[in-house]
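What follows is a set of notes on a single structure, which appears directly below.
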Amino acid sequence: MQRRIAVTGLGVLSPAGSGKAKFWRAMTRGELGIGEIQAFDTSVFSVSRGGEVTDVDPASLLRVLDPSGVSRTTRLAAAAARMAAEDAGLQEAEYPPERVGVCFGTTMGNHTVLEQHHDEERSGNEPDIRLGAHYPYACISSAVSEEMGCEGPSFLIPTACAAGNYAISWGKELIEDGTLDAAIVGGSDALSRTCFAMFHRLGAIAPERCRPFDLDREGMMVSEGAAALILEDLDRAKARGAVIYAELLGYGLACDASHATAPHPEGLGAMLAMKRAMEDAGVGPEDISYISAHGTGTRANDSTESTAVRRTFGPLAEILPVSSIKSMIGHTMGAASAIEAVACALAVHHGVIPPTMNVETPDPDCVPNTVANQAQHMPVSVAMSNAFAFGGNISTILLGGAAE
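Residue numbering for the sequence shown follows my numbering, starting at 2 and increasing by one per position.
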């Protein structure tokens, strides 16, 4: 009999608020976390706004790691993991450390280490060699394992903006096959000057606001953040009296390999991932209550995702709620789908769908029910969360109520 997977702990650091309660309050109230970037000089760019985690210093949450010897991406990841583990009461579960694994996703990884090294050399200072040693991406997941005392498998998945869902899917697999009792999974990315420059060169950054599904949308906002979820065997979680936010029902992965940066025009990879997720969960299109869209606010992404949803759900796509929290927090890169998974778990738990903010003139080419500008209070039996990445990497997960 296949083991069922519970989500028992949530940790999040986002531009709109950090910590489960503050984050969820911001998402349901439609609060925006975008402002003038402070992390680096934006005077050489034509745009200057983005999303930064400013309400908490992730280093203050660490108990084991020396924050000065690791990158900001790692500090964000470890802080989110610490939040999630404490929320779940993971230490009280008394799982053997070799039976608890870690998997995190990222886009830019520790690239800010190189940027800091470059800046120090240009200013005539000696770069911190400890940070150079921490540059390899795998240092992120290994640092989380060190911080949390986990001795099970530790993986880092660099599939860009789809990586958080990939990491969550990995955790599900290892618990189902009996390798792990619990997994700390999620995604993390610090605000990177290199990443900002890349999207600026692509002409993909909006000057003021992210407006997914709006006719006059102008692009995405580059942001930072991290999220972690604690996954456990459902029966064991219930036996120990853990709070169960949602059940991880299924996942689907795909790669349409259509273009280095642009989505497949017919949404083939997205369709395949959504269908695979539903097959894995044993549900049909009629069972989906809500879709958390990738919804970046770029013209190509929102139109392509809408096409894929319509081709997958048929007439249901015209009434199905589809919203994007990137309208509030921007695109947090490898953390995006992990943060959105936290939002979906809370949507299931509380029966509230977060809105798509900044919608003024709905694009008729996009799905119509974008939960525009105000949260919807309704039961969420099954939430679908989509994540798209460069190279055509697509990942979809399904979260639902933990029924008997």
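A virtual CB, placed ideally from N, CA and C, is assigned to each residue, including glycine.
(1) Using the Cα positions of I38 and V223, report the straight-line distance between them to the nearest angstrom.
(2) Near H265, which residues of its chain fall below 6 Å by C-beta distance, leaving aside the five closest residues on each side in sequence?
(3) Could you give the distance in angstroms between the alpha-carbon of S44 and the alpha-carbon of A198?
(4) Could you give the C-beta distance for T108 and C162, rounded to a whole number, given that I count them as a contact under 8 Å?
(5) Answer with buried or exposed for N394, where buried requires no fewer than 16 other C-beta atoms within 10 angstroms of its C-beta.
(6) Using the three-state DSSP reduction, which class does Q117 fall into: helix, strand or coil?
(7) What residue ranges within the segment 177 to 259 form continuous alpha helix (DSSP H) runs of no fewer than 4 residues, ordered along the chain?
(8) In three-state DSSP terms, what is R50?
(9) Quick one: give me the first and last residue of the alpha helix (DSSP H) that G270 is part of.
(10) Mapping the DSSP letters down to three states, classify L483 as helix, strand or coil.
(11) So E306 is in the alpha helix (DSSP H); what residue range does that whole segment cover?
(12) Looking at P208: is its Cβ nearer than 9 Å to the Cβ of T357?
(13) Put H332 into one of helix, strand or coil per three-state DSSP.
(14) Less than 6 Å between C-beta atoms, sequence neighbours within five positions excluded: which residues of the same chain meet that for L115?
(15) Let me make sure I understand the geometry here. Which of E177, W171 and D190 has the alpha-carbon closest to that of P59?
(16) Where does V101 land, buried or exposed, given buried means 16+ other C-beta within 10 angstroms?
(17) Would you please state the rounded distance, in angstroms, between the beta carbons of N166 and I141? I believe it to be under 8 Å.
(18) Exposed or buried, N126, counting other C-beta atoms within 10 Å across all chains shown (16 or more means buried)?
(19) Leaving out five residues on either side along the sequence, give the residues of the same chain with a beta carbon under 7 Å from the beta carbon of E99.
(20) Please identify the residue among Y138, Q3 and V186 whose C-alpha is closest to the C-alpha of M84.
(21) Say whether chain D places a C-beta atom closer than 9 Å to the C-beta of P369.
(22) Check each candidate in L33, E32 and S49 and name the one with the smallest Cα separation from A40.
(23) Could you tell me which of R218, A22 and A184 sits nearest to I231, measuring between CA atoms?
(24) Have a look at the DSSP bridge pairing and note the partners of Q39.
(25) Could you give the first and the last residue of the continuous alpha helix (DSSP H) run that contains A85?
(26) Any chance you could list the beta strand (DSSP E) runs of at least 3 consecutive residues sitting entirely within the segment 135 to 170, in chain order?
(27) Grouping DSSP H, G and I as helix and E and B as strand, with all else coil, what is H351?
(28) L379 to P137, Cα distance in whole Å?
This is what the structure holds:
(1) 10 Å
(2) D257 and S259
(3) 12 Å
(4) 6 Å
(5) buried
(6) helix
(7) 194 to 202 and 235 to 240
(8) strand
(9) L269 to A282
(10) In the structure as shown, the chain begins at 2 and stops at 405. Residue 483 is therefore absent and cannot be evaluated.
(11) R300 to F314
(12) no
(13) strand
(14) none
(15) D190
(16) buried
(17) In fact, because the Cβ distance is near 17 Å, the residues do not count as touching under 8 Å.
(18) exposed
(19) E152 and G153
(20) V186
(21) This model lacks chain D altogether; it includes just one protein chain.
(22) S49
(23) A184
(24) Bridge partners of Q39: none, in fact.
(25) R73 to A89
(26) 155 to 158
(27) helix
(28) Looking at the sequence itself, residue 379 is Met, so the reference to Leu does not match. M379 and P137: Cα-Cα distance of roughly 44 Å.
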